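Heads up, the sequence shown is in the numbering used here, so the first residue is 7 and it goes up one at a time.
For glycine and all other residues, C-beta sits at the position ideal for the given N, C-alpha and C.
Keep in mind it's a predicted model, so treat the numbers as computed, not measured.
Take a look at the structure below.
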Amino acid sequence: MDGGDQSGRSMGRTVTPRRALARTQSPKPSRTTGGPGVDMEPLVLALGDSDVERAREAASAIRSSLKNNPDNKARLLAAGGIDALIRLLKSRDTSCVDHAVTALLNLSLSDGVEPMVTAAGGIEGIVGVLNSGSNVARENAAAALFTLSGPPDNKLRVKDAGAVPGLVTLLRTGSLRGKKDAALALFNLSLEDSCIGEIIDAGAVRVLLGLLRSDAEAGMEDKVMAVVANLCKFSEGRHAVHKEGGIHALVGVIESGSARAKEDAAVSLHLLAVHNAASYQVIVEEGCSPALAKLAQSGTTRAKAKAKALMDLLRSGSGSAGGFKYGGSFSQPFDKAPPTLSGELSHGR
Numbered sequence: 007m008d009g010g011d012q013s014g015r016s017m018g019r020t021v022t023p024r025r026a027l028a029r030t031q032s033p034k035p036s037r038t039t040g041g042p043g044v045d046m047e048p049l050v051l052a053l054g055d056s057d058v059e060r061a062r063e064a065a066s067a068i069r070s071s072l073k074n075n076p077d078n079k080a081r082l083l084a085a086g087g088i089d090a091l092i093r094l095l096k097s098r099d100t101s102c103v104d105h106a107v108t109a110l111l112n113l114s115l116s117d118g119v120e121p122m123v124t125a126a127g128g129i130e131g132i133v134g135v136l137n138s139g140s141n142v143a144r145e146n147a148a149a150a151l152f153t154l155s156g157p158p159d160n161k162l163r164v165k166d167a168g169a170v171p172g173l174v175t176l177l178r179t180g181s182l183r184g185k186k187d188a189a190l191a192l193f194n195l196s197l198e199d200s201c202i203g204e205i206i207d208a209g210a211v212r213v214l215l216g217l218l219r220s221d222a223e224a225g226m227e228d229k230v231m232a233v234v235a236n237l238c239k240f241s242e243g244r245h246a247v248h249k250e251g252g253i254h255a256l257v258g259v260i261e262s263g264s265a266r267a268k269e270d271a272a273v274s275l276h277l278l279a280v281h282n283a284a285s286y287q288v289i290v291e292e293g294c295s296p297a298l299a300k301l302a303q304s305g306t307t308r309a310k311a312k313a314k315a316l317m318d319l320l321r322s323g324s325g326s327a328g329g330f331k332y333g334g335s336f337s338q339p340f341d342k343a344p345p346t347l348s349g350e351l352s353h354g355r
């Protein structure tokens with residue numbers, strides 16, 4: 007049954023007394039953290055309450071209690087809270103959905119929880135929120151998908167559930183935090199070869215390059231470049247970057263980006279120059295040799311190596327004489343040890 011049913015009829019669902027719900031929210035010292043401990047069983051029971059206000063209060067209390075207290079996470083697991091939160095994702099009440107998806111995000115930040123959320127159908131439920139929830143819920147759904155999409159099988163499950171178009175839409179239209187969350191999730195998916203085609207077909211490259219060109223998107227550069235560099239390891243990704251005029255944006259990152267972004271831009275430009283004559287010519291015309299020379303002296307270890315290799319290629323005049331291999335099977339990716347963004351999301355909401 008839908009958690010948003012406000013008819014007042016129980017329809018086989020439990021009605022939780024308000025006094026019991028209030029008692030569960032009274033702070034109790036936690037031996038582990040010193041923070042408030044919460045009795046989760048009544049709260050989990052209240053998530054299925056026919057009174058939407060009680061379900062909303064319970065979801066809010068669970069969400070808050072999971073932010074900083076690992077004891078509460080253990081209590082929630084013991085009380086069967088994962089299944090109850092996933093069911094609440096289908097509520098017609100926007101606040102219930104917001105709290106439920108954020109609680110699942112907070113829960114998924116803990117080690118060992120991902121398999122339980124996945125087995126209970128959490129990925130599919132969260133993708134549903136990503137595609138139809140409120141702005142806040144969509145942001146937190148994207149962040150949850152980032153935390154859940156570490157294992158290769160989960161990346162495919164996220165893709166197959168229909169997350170990629172929703173992530174690209176959030177990347178284009180969301181708040182700054184929403185765009186960051188979407189970029190993180192797309193980064194994880196871009197590590198899986200089978201996801202590349204769908205990411206490109208959803209128009210991600212145009213949106214990513216647009217963010218690189220915008221001075222207003224503070225804090226986005228590293229995340230955007232990490233995704234672009236992964237896409238450039240495939241012929242289809244290089245084709246899309248070239249077609250969208252992305253080489254100029256990549257050169258701009260080489261000239262004035264962060265150390266991490268410069269590294270990924272150097273990787274991307276080197277791949278473009280090696281594998282397509284048209285891209286090689288555009289890079290030559292951009293006149294980026296001074297910036298590459300500086301990066302070869304002061305960049306990260308990987309950035310120095312790629313900058314030097316690209317400079318040698320430009321000096322030799324021997325860029326690729328071939329065209330893009332587009333429309334067939336994906337080329338094998340290069341640099342099979344991409345940078346990680348795993349530390350980007352570590353605190354609950």
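Thinking just about the alpha-carbon of each residue, which of the options is nearest to the one in residue i?
i	options	result
G43	L215, P157, D57, K73	K73
A302	Q287, H281, A271	A271
N160	N194, T100, A279	N194
V293	K314, K239, H254, H276	Checking the displayed sequence, the identity of residue 293 turns out to be Gly instead of Val. Closest by alpha carbon: H254.
C201	R219, L176, L298, G168	G168
L110	P157, L151, S196, R81	L151
K268	A299, V174, N112, E120	A299
P158	G127, D199, A189	D199
V233	D207, A191, S262	A191
P296	R321, N282, L278, R308	R321
S220	R244, G209, G252, I206	G252
M231	S241, A65, A189	A189
D166	V273, G156, V133, A143	V133
V257	A67, A313, F240, K239	A313
A65	D77, N75, A52, A125	A52
H353	A125, S116, I129	S116
Measure the C-alpha to C-alpha separation of residue i and residue j and round it to an integer number of angstroms.
i	j	result
V58	S97	9 angstroms
N137	A148	10 angstroms
L95	E63	15 angstroms
L275	I289	8 angstroms
L237	S196	7 angstroms
K310	L113	40 angstroms
M317	G323	10 angstroms
A327	E250	Only weak support exists for where A327 lies, its pLDDT of 45 falling under 50; the coordinates are left without a value.
N141	A61	21 angstroms
T175	T108	20 angstroms
G127	G87	13 angstroms
Q287	H281	12 angstroms
Y332	G139	Interpretation of Y332 is limited by its pLDDT of 35, a score under 50 that renders its predicted location unreliable; the figure taken from the coordinates is listed afterwards. Going by the C-alpha atoms only, they are around 35 angstroms apart.
D45	R81	7 angstroms
G118	R355	19 angstroms
S71	K79	8 angstroms
R273	D55	According to the sequence displayed, residue 273 carries Val and not Arg. Roughly 54 angstroms between the two C-alpha positions.
E261	L154	35 angstroms
A210	H245	13 angstroms
G40	G131	Note on G40: pLDDT 37, under 50, position unreliable in the model; the coordinate value appears next. Between G40 and G131, the C-alpha separation is close to 33 angstroms.
P356	L83	The requested residue 356 is not part of the displayed model; the chain covers only 7 to 355.
A67	A143	17 angstroms
S285	A315	16 angstroms
T100	R93	14 angstroms
A125	G203	26 angstroms
S241	A283	13 angstroms
G156	R212	25 angstroms
Report buried or exposed for residue i, applying the criterion of at least 16 other Cβ atoms within 10 angstroms of its Cβ.
i	result
R266	buried
A224	exposed
T179	exposed
L182	exposed
R69	buried
H248	buried
D187	buried
E145	buried
S304	exposed
P33	Because P33 carries a pLDDT of 43, less than 50, the predicted location of this residue cannot be relied on, and no value is offered for it.
A279	buried
T307	exposed
G243	buried
H105	buried
D207	exposed
A235	buried
G263	buried
Write down the C-beta distance between residue i and residue j rounded to the nearest angstrom, noting that I regard them as a contact closer than 8 angstroms.
i	j	result
A85	E47	5 angstroms
L173	K185	No, L173 and K185 are not in contact; Cβ-Cβ is about 10 angstroms, not under 8 angstroms.
L357	E227	Given a span of 7 to 355 for the chain in the structure shown, any question on residue 357 remains unanswerable.
V164	V135	Contact flag wrong, Cβ pair sits at about 13 angstroms.
V259	I205	Not a contact, Cβ separation roughly 20 angstroms.
A90	V50	5 angstroms
K239	L277	7 angstroms
Can you check whether the C-beta of residue i is within less than 8 angstroms of a C-beta belonging to chain D?
i	result
G134	Note that chain D does not occur in the displayed structure, where there is just one protein chain.
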